[in-house]
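Residue numbers (the working numbering), protein chains in the order written: chain F, 555 to 965; chain U, 1062 to 1367; chain Z, 4 to 376. Contents: one structure, followed by commentary.
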Amino acid sequence: MLGQEIKKLVIYTIFLAIIILPMLGFTGGAEFQAERAFLVFGIGVALLVLNLIVKVIRSHRPPPDHDKPSLPERIGDRLHRIPKIFTLGPLLLAAGTFPLVANNYMIDVGITCLIYVCLGLGLNIVVGLCGLLDLGYIAFYAVGAYSYSLLNLTYGFSFWAALPIGVVLGMICGCIIGYPTLKMRGDYLAIVTLGFGEIIRLVLNNWDDLTAGPNGLFGMKRPPLYYPTIEDGGLDMVTYYLTSLPGLFYFILVIAILIIIGVNRLDKSRIGRAWIAIREDEVAAELSGVPTTWLKLLAYAMGAGFASVAGAFFAAKLSYVNPNFFLFMESCIVLSIVVLGGIGSIPGIIIAGFILIAVPEVFRELEAFRMLAFGAIMTTMMIIRPEGLIPASRKKREFHRQRDEAERGPQ
Amino acid sequence: MDFSAFILQQMVNALFLGSIYALIALGYTMVYGIIELINFAHGELFTAGAFIGVIVLSGLQQIGWVETHFVLTLFIVFGLAMAYVAVLGVALEHVAYRPLRNASRLSALLSALGMSIFLSNGMMLSQGVSDRAYPQVFGLESIDFFGAMISHSQVFIILLAFVLMVGLQFFVHRTRLGKAMRATAQNRTIARMLGINIDQTIRITFMIGPALGAAAGVMVGLYYGAVRFDMGFIFMIKAFAAAILGGIGSIPGAVLGGLIIGGIEVAWAAFLPSAWKDVTTFTVLILVLYLKPSGLLGESEADLRV
Amino acid sequence: MKKLALLTLSLVLALGIGTAAGKELKIGTLSPLTGPYAQDGTDIKQGVITAVDAFSPVKGFDNVEVLPGDSACDGGKATMAANKLINSGVDVVVGAYCSSATEPAQIPLMDAGVVQITPGSTAERLTHKGYDHFFRMPPRDDVQAWSTVEFLTKKQGVKTIALIDDKQTYTAGLTENIRKFAEDNGNLEIVAHEHITPGDSDFTAVLTKLKRISPDVIYMAVYQPEGSKMIQQARKLDVDATFMTEDAVFHPKFLEVAGSAAEGVYLTFAKAPETPERKAFEEMYKKKWNVDSIGSYAYYAYDAAMVALKAAEKCGCTDAETLSKTIRGTTWEGVSGEIKFDEKGDRELAHIIWVVKDNQFVPYWDPITGKDL
């Protein structure tokens, strides 16, 4: 056992040396920058040795009992048992008082987090509930952002008047993208949605007459609020534009809460259960009388609609949109939020949204290292905890069943 | 420049670009064929190959081998770049894909995406954010071929790409390992029953596919003159379109797909508004997937399911 | 005893004065430190740090602090970074680079009363919004386009031009302006206008198309990575036209990557006076960052920081109102030439035409005087 592990360690070390030393040693000039290369190599070897030690210690312990839930699961179960009012109440209170204590930067980060939470929840319908992999989701965000910008700039529509139009446009785009993909397999679907996402961005960039191309659109009004006052004796409506960051924070907070409630309702409704049936086995669902075609289109439309809402808010908040805000990488980030949080799990997505957006902000000084860590963590998470941070209860069982089968299965 | 020379020149352009796409697409198609995973990190493996190429080539240029042993230099550059990326590919498979072989598709895909981000940023940190110039060993001279200008590097690259593709086809169809690879791609369980070492076969796939990508990376460096940490992305998308177009899992399909994607791009830019070039590529991809999901030369979906 | 008391008193006084005079000047930078433009973004950050090193200590201030921010060329990230800088109490922000980041970041910075000097964004409308505290170091797009058309018609006497851009805010704005000036001029006909994709490597199809049209001049409105590759392919395709490009390509990397293919390419870039200050800056920069060559945006960033530091020293203030007045009311000697801002916040700075000769950028022609250099 130990001998085998040491042999593995030697092989890994050789691999590490081959991979790290040339790439880190030869930069720019011809001379070998030994210090840097060996530093990183040393860290790598240290990690390998640490891994070996952990393995050896583990092997002396009794094997873990598969039927007994692990510590995080037990904590998770405990949390589930606490009445919702005790968890949701303080959370809402914290969110509500946040702008009063935080500075503008923190509020701005908070707003961005909430935008991504909205996006994650929308994508969750497509990926998490219906099981359709979507790599071009950010396109609907762009549709929402551009439809508000254009309606506001060209026709002077207010945020509230433009929002339903934007949502409908987003849903139509969702159906257009959804329709040809209905009969496709998972991975093909991913590529088609990726292609559609790029097409929408390129159209926005190239259609100069409508979208001003790469110049982007600017000068959109912030979302207005209306309230009545009694002035000069008569009842009058006053328009108040939400220009301050705390105001915008409360605004997106309300939107996010509405979306959370909506998604939660959908999850537990007949439609939600039908979506899960499609995700688990499409053929069986079809045979059981689930109208799969319509429901898949509906999933695309709903997901796109939520993204449009977030997009319209984003455009209104920034007062500027540019096609370059909607790159493929953004779709990846939203997808990571859904998967890291736990596919189909609403609290997981909320927490992952905050982790993925806020934590890199904290480490902004480390610049490139944070993306390096982001990539590494993503892979590590998929390997050690594929069900996400807070797994949806149904999904968790499924993942572990697969994992156990894989471990016990013939090798 | 008369019309026939113009057409000929554009055909050369398309053939060249298509060969590069085809070589990268081969890596995708092989990996997808065998473990049904979109290897998102393939674009980064391609970039890594280009970086190793420039490191080795600059080193050999300094000791003057480019002038004295030109062919040997190229051999070493391609050899080392491909070997390095083969090692990287195996390591990648071992670390990021093997533990997820029986997990859900989505987990594996995200693991690949994570590795893509990791490698891309790792190369940015180690090799810098700006372009690294390739020594121009071929110079700027071109051959006048009936009015079309073909540079020396293009001739060399197209020939080498052709040799690599034919070699791969031979390997897959004529050798024992290649046959094991095809058997594993068709049905892993039965292949295991027949005594094929699945792990080893997958490992070899992860050596050959990325190594071909690395060769493409060195070619891109040699012809276009520079490499940068993020250049893999655009090639990755196009090559993936090529792999799907030709029928994923099919080696001649990937080559055909690469040439078609290269051809569409060049033809569109040559005759129609060039700003919409990429829109066309993606539209063609979507149309093919919609009308013939198995691709041009792929096995039909029904066969794959059974 | 008395002595001791006196000593204590003086000590307390000294400390008290020390803390009372403990004024700090905070300069933020806002540039893409990650992503495809990270190179120019890093140049900007390093330029600012070099300036702070060179001009510290600043009279009237105990300490000058540089706070680097990453705009990532993304609107959302740029406003977050701008808000972060505002919260850290910056007095001046040097940035951003991409117009798509400068535009949204402008709003919170101007609202918060921070002086913003951009070292890279050239879209005209940035200074046309009536902001008092916004300044721009490089010349605007229209100035550059004017110089280009002036050079091509007056000096070169060419008749036809083909435009290539990569459809980004900067490049598309530039070609649009060239089109406008060429139409006004009347002697320069635009025979083709092609677009490429940023990040692409292969431009042979478009170049072959232009070779067939055979214009007198091909104008490449692209960034340096694409420009270096495009010129090599053009030479290999034996395209028989004069190549002209702009300041985003004016980077030592262009010479390094394109090598002999770059010979004879004309570029527009601001006049670079061979002053001792410029030499001193170049030496200092190369030594400090251990590089062989300096990116062009480092000069503008250095000048931007220099103006901010000297203005703060001159007025002894940090409030945006007085600081802007001081910046506007003075003529500064910078490494990118004389710096004098008009009321909009633009510099009265023109481009000159450069040419690549023996793998060096060499000044060639001045469009204002109409004379060779």
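In this text, a Cβ means the ideal position worked out from N, Cα and C, and glycines have one as well.
Own chain, CB closer than 7 Å to residue i, minus 5 neighbours either side, in chain order
i, result
"Phe-772 (chain F)", "Ser-873, Tyr-874"
"Asp-349 (chain Z)", "Thr-130, Arg-139, Arg-143"
"Ala-861 (chain F)", "Leu-673, Gly-676, Tyr-691, Phe-694, Tyr-695, Gly-698, Gly-724"
Cross-chain neighbours of residue i in chain Z, by beta carbon under 9 Å
i, result
"Ser-823 (chain F)", "Near Ser-823 (chain F) there are no residues of chain Z at all, since even the closest Cβ is about 33 Å away, more than 9 Å."
"Val-663 (chain F)", "Met-83, Asn-86, Lys-87"
"Thr-793 (chain F)", "Residues of chain Z passing the Cβ test: none, with the nearest at roughly 20 Å."
"Met-725 (chain F)", "None at all; the shortest Cβ gap to chain Z is about 24 Å."
Chain-order list of residues whose beta-carbon lies under 6 Å from that of residue i (same chain, five-residue window excluded)
i, result
"Ala-1169 (chain U)", "Leu-1098, Leu-1161"
"Phe-253 (chain Z)", "Leu-270, Phe-272, Ser-299"
"Arg-1264 (chain U)", "Val-1151"
"Tyr-566 (chain F)", "Leu-602"
"Ile-52 (chain Z)", "Val-69"
C-beta neighbour in chain F for residue i, strict 8 Å
i, result
"Pro-1354 (chain U)", "yes"
"Ser-1065 (chain U)", "no"
"Ser-150 (chain Z)", "no"
"Ser-34 (chain Z)", "no"
"Ser-124 (chain Z)", "no"
"Thr-1090 (chain U)", "no"
"Cys-320 (chain Z)", "no"
"Asp-1364 (chain U)", "Bear in mind that a pLDDT of 42 at Asp-1364 (chain U), under 50, signals an unreliable position, so the number given afterwards is only what the model happens to contain. Answer no: the Cβ-Cβ gap between Asp-1364 (chain U) and chain F never drops below 8 Å."
Contacts around residue i, its chain only, beta-carbon distance under 8 Å, and the 5 residues preceding and following it disregarded
i, result
"Ala-195 (chain Z)", "Ala-165, Leu-166, Lys-212, Leu-213, Ile-216, Pro-218"
"Gln-147 (chain Z)", "Thr-125, Leu-177, Asn-180, Glu-249, Asp-250, Thr-271, His-354"
"Val-1127 (chain U)", "Leu-1118, Leu-1121, Thr-1134, Pro-1196, Val-1198"
Any C-beta of chain Z under 8 Å from that of residue i
i, result
"Ile-703 (chain F)", "With the sequence shown as reference, residue 703 (chain F) is identified as Ser, and Ile is not the correct amino acid for it. So, not an interface residue."
"Ala-1331 (chain U)", "yes"
"Leu-1201 (chain U)", "yes"
Any non-hydrogen atom of the ligand MN closer than 7 Å to residue i Cβ
i, result
"Gly-116 (chain Z)", "This structure does not include the ligand MN; it has no bound ligands of any sort."
Buried versus exposed call for residue i [16 or more other C-beta atoms within 10 Å across all chains shown]
i, result
"Arg-1366 (chain U)", "With a pLDDT of only 35 at Arg-1366 (chain U), under 50, the local geometry of the prediction cannot be trusted, and no value is derived from it."
"Gln-363 (chain Z)", "exposed"
"Trp-714 (chain F)", "exposed"
"Asp-1205 (chain U)", "exposed"
"Ala-588 (chain F)", "exposed"
"Phe-1223 (chain U)", "exposed"
"Asn-190 (chain Z)", "exposed"
"Ile-1116 (chain U)", "buried"
"Gly-643 (chain F)", "exposed"
"Arg-819 (chain F)", "exposed"
is_contact[residue i, chain U] using C-beta, thresh 8 Å
i, result
"Pro-845 (chain F)", "no"
"Gly-202 (chain Z)", "yes"
"Leu-42 (chain Z)", "Reading the sequence as shown, one finds Gln at residue 42 (chain Z) and not Leu. For Gln-42 (chain Z), the answer is yes, since a Cβ of chain U falls inside 8 Å of its Cβ."
"Thr-178 (chain Z)", "no"
"Ser-885 (chain F)", "no"
"Gly-929 (chain F)", "yes"
"Val-680 (chain F)", "no"
Beta-carbon neighbours of residue i, restricted to chain U and to distances below 7 Å
i, result
"Pro-39 (chain Z)", "Asp-1291"
Within chain U, the residues that residue i reaches when beta carbons sit closer than 8 Å
i, result
"Ile-199 (chain Z)", "Ser-1335"
Residues that residue i contacts on chain U, provided the C-beta gap is smaller than 9 Å
i, result
"Arg-182 (chain Z)", "The premise fails here: Arg-182 (chain Z) is roughly 15 Å from chain U at the closest Cβ pair, so nothing lies under 9 Å."
Within chain F, partners of residue i - CB distance below 9 Å
i, result
"Tyr-1195 (chain U)", "Result: empty, since nearest Cβ-Cβ is about 14 Å, beyond 9 Å."
"Phe-1301 (chain U)", "Ile-745, Leu-748"
Closer than 7 Å at the beta carbon, the chain C residues around residue i
i, result
"Ala-1157 (chain U)", "Among the chains of the structure shown, chain C does not appear; the protein chains present are F, U and Z."
Partner residues on chain F for residue i, Cβ-Cβ distance less than 8 Å
i, result
"Gln-1188 (chain U)", "Met-577, Thr-581"
Problem set entry | Chain-ordered residues of the region 1164–1183 of chain U with a beta carbon less than 9 Å from chain F | Ala-1164, Ser-1165, Arg-1166, Leu-1167, Ser-1168, Ala-1169, Leu-1170, Leu-1171, Ser-1172, Ala-1173, Leu-1174, Gly-1175, Met-1176, Ser-1177, Ile-1178, Phe-1179, Leu-1180, Ser-1181, Asn-1182, Gly-1183
Exercise. Taking a cut of 9 Å between CB atoms, which residues from the region 750–784 of chain F lie near chain Z?
Worked result: Leu-756, Asn-759, Asn-760, Asp-762, Gly-767, Pro-768, Asn-769, Gly-770, Phe-772
Problem set entry | Interfacial residues, the region 215–236 of chain Z to chain U, with Cβ spacing under 8 Å | Listed in sequence order: Arg-215, Ser-217, Gln-227, Pro-228, Ser-231, Lys-232, Gln-235, Gln-236.
Exercise. What residues in the region 844–877 of chain F bring their beta carbon closer than 8 Å to a beta carbon of chain Z?
Worked result: Those residues of the region 844–877 of chain F that come within reach of chain Z (Cβ to Cβ, closer than 8 Å) are Phe-868, Leu-872, Ser-873, Tyr-874, Val-875, Asn-876.
For this session: For the region 255–266 of chain Z, enumerate the residues whose C-beta is nearer than 8 Å to any C-beta of chain U, in chain order.
Result: Lys-256, Glu-259, Val-260, Ala-261, Gly-262, Ser-263, Ala-264
Exercise. Can you list, in chain order, the residues of the region 102–131 of chain Z whose Cβ is nearer than 7 Å to any Cβ on chain F?
Worked result: Ser-103, Glu-106, Pro-107, Ile-110
Exercise. For the region 1279–1290 of chain U, which residues have a CB atom closer than 8 Å to at least one CB atom of chain F, in sequence order?
Worked result: If the cut-off is 8 Å between Cβ atoms, the region 1279–1290 of chain U has nothing near chain F.
Exercise. Just by C-beta distance, which residues in the region 642–663 of chain F are closer than 7 Å to chain Z?
Worked result: Asn-657, Asn-658, Tyr-659, Asp-662, Val-663
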